[in-house]
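Q: Structure provided below as structure tokens; questions to follow.
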Amino acid sequence: DAGVIQSPRHEVTEMGQEVTLRCKPISGHNSLFWYRQTMMRGLELLIYFNNNVPIDDSGMPEDRFSAKMPNASFSTLKIQPSEPRDSAVYFCASSIDYEIYNEQFFGPGTRLTVL
Amino acid sequence: ILNVEQSPQSLHVQEGDSTNFTCSFPSSNFYALHWYRWETAKSPEALFVMTLNGDEKKKGRISATLNTKEGYSYLYIKGSQPEDSATYLCAFARGLNYGGSQGNLIFGKGTKLSVKP
Chain L
9 DAGVIQSPRH EVTEMGQEVT LRCKPISGHN SLFWYRQTMM RGLELLIYFN
59 NNVPIDDSGM PEDRFSAKMP NASFSTLKIQ PSEPRDSAVY FCASSIDYEI
109 YNEQFFGPGT RLTVL
Chain R
466 ILNVEQSPQS LHVQEGDSTN FTCSFPSSNF YALHWYRWET AKSPEALFVM
516 TLNGDEKKKG RISATLNTKE GYSYLYIKGS QPEDSATYLC AFARGLNYGG
566 SQGNLIFGKG TKLSVKP
């Protein structure tokens with residue numbers, strides 16, 4: 009299996025622009041997690057889905073952030089409009105199901121820079 | 466606010482040294498504790514998932530113990546090698562009163578291990 013796939017790997021954009029990050033989970037995994045990694049706050053959960061349904065989005069920082077999972081093999085995280093403080097590495101992870109004793113498999117991350 | 470603390474923040478050892486570091490988490494409503502290994506420029510990889518008090522897990526030269534009553538887990542590396550250099554993250558999952566888990570992992574900030582040849 010190719011593992012969790014994320015694109016793009018790097019994104020540089022200007023403040024105010026819309027940014028869309030993409031994730032393809034491991035085939036057969038029912039749960040998908042979006043995380044943000046910053047120096048100050050470490051790795052934080054933004055939102056997670058189970059069977060394509062958002063279960064907990066309490067980690068989404070503002071209304072500028074939205075996430076969708078239209079099918080079992082694809083999810084997007086959108087920031088509109090983007091701000092410099094959104095600069096971070098965004099990870100997507102998947103697991104067999106949302107039970108938290110299942111290990112999560114992380115993608116390579118998208119490094120976002122907002123100028 | 467749930468806090469997961471890891472110590473030390475960073476550690477420098479010589480090849481062949483054995484080392485250990487600590488993860489502290491809330492002792493109430495424990496559900497699971499994860500350890501991940503995160504090499505620079507790569508993504509975190511799961512090492513262990515521990516759910517029972519007294520659990521001990523081992524993978525090669527790396528092992529972990531769990532004490533849910535006092536809220537800590539230790540990760541041990543025996544005979545460190547340069548390829549062990551990475552950041553080691555622990556993540557805590559809280560249980561809910563009616564059963565099941567909260568559904569999200571709360572990560573510590575990691576211990577960054579550097580092993581010099």
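As they're listed, the protein sequences go chains L and R. So that you can map any letter, position 39 of the first sequence is 47 in our numbering, and since no number is skipped, the others follow by simple counting. So that you can map any letter, position 24 of the second sequence is 489 in our numbering, and since no number is skipped, the others follow by simple counting. Built from N, CA and C at the ideal position, the CB exists for glycine as well. Quick caveat: nothing in here was measured; it's all calculated off a predicted structure.
Between which two residues does the beta strand (DSSP E) holding residue 73 of chain L run?
A: First-last of the beta strand (DSSP E) with residue 73 of chain L: 73 to 79.
Q: Considering only residues of the same chain and omitting the five flanking positions on each side of residue 524 of chain R, which have a CB-CB separation below 8 Å?
A: Taken in chain order, the residues that qualify are 512 and 513.
Q: Should the segment 471 to 479 of chain R be regarded as contacting the segment 112 to 122 of chain L, the criterion being three or more beta carbon pairs within less than 8 Å?
A: Segments in contact, no.
Q: Looking only at DSSP bridge pairs, what is residue 40 of chain L linked to?
A: DSSP lists L:57 and L:102 as partners of residue 40 of chain L.
Q: What residues match up with residue 548 of chain R in a beta bridge as DSSP calls it?
A: DSSP output for residue 548 of chain R lists no bridge partner at all.
Q: Going along the chain, which residues of its own chain have a beta-carbon closer than 8 Å to the beta-carbon of residue 570 of chain R, five neighbours each way excluded?
A: Closer than 8 Å at Cβ, skipping near neighbours: 499, 556, 557 and 558.
Q: Who pairs with residue 69 of chain L in a beta bridge, going by DSSP?
A: Answer by DSSP bridge pairing: none, since residue 69 of chain L is not bridged.
Q: So, does the CB of residue 108 of chain L fall closer than 8 Å to a CB anywhere in chain R?
A: So yes, residue 108 of chain L belongs to the interface.
Q: Let me check understanding here. Comparing Cα to Cα, which of R:510, R:581, R:573 and R:578 lies closest to residue 468 of chain R?
A: Out of R:510, R:581, R:573 and R:578, R:573 has the C-alpha closest to the C-alpha of residue 468 of chain R.
Q: Please report the Cβ distance between residue 484 of chain R and residue 528 of chain R, rounded to the nearest whole angstrom; I am assuming they are in contact, meaning their Cβ atoms lie under 8 Å.
A: Incorrect: roughly 12 Å between the Cβ atoms, too far for contact.
Q: In this structure, what does DSSP give as the bridge partners for residue 62 of chain L?
A: Answer is L:57.
Q: Less than 8 Å between the CB atoms is what I'm expecting for residue 15 of chain L and residue 105 of chain L, so what's the real figure, rounded?
A: Not a contact, Cβ separation roughly 25 Å.
Q: Per DSSP, residue 515 of chain R is paired with what?
A: According to DSSP, residue 515 of chain R bridges with R:498.
Q: May I have the straight-line CA-CA distance separating residue 119 of chain L from residue 516 of chain R, to the nearest angstrom?
A: Computed Cα separation, rounded: 33 Å.
Q: So which residues on chain L does residue 496 of chain R lean against when the C-beta distance must stay under 7 Å?
A: By Cβ distance, chain L contributes 108.
Q: Nearest to residue 96 of chain L by CA position, among L:10, L:54, L:33 and L:13, is which residue?
A: The shortest Cα separation from residue 96 of chain L among L:10, L:54, L:33 and L:13 belongs to L:54.
Q: List, in chain order, every chain L residue whose beta-carbon is nearer than 7 Å to that of residue 569 of chain R.
A: Simply 53, 56 and 64.
Q: Which word fits residue 575 of chain R, buried or exposed, when buried means at least 16 other C-beta atoms lie within 10 angstroms of its C-beta?
A: It counts as buried.
Q: For residue 111 of chain L, return the contacting residues in chain R, with the cut-off set at a CB-CB distance below 8 Å.
A: Result: 499, 511 and 514.
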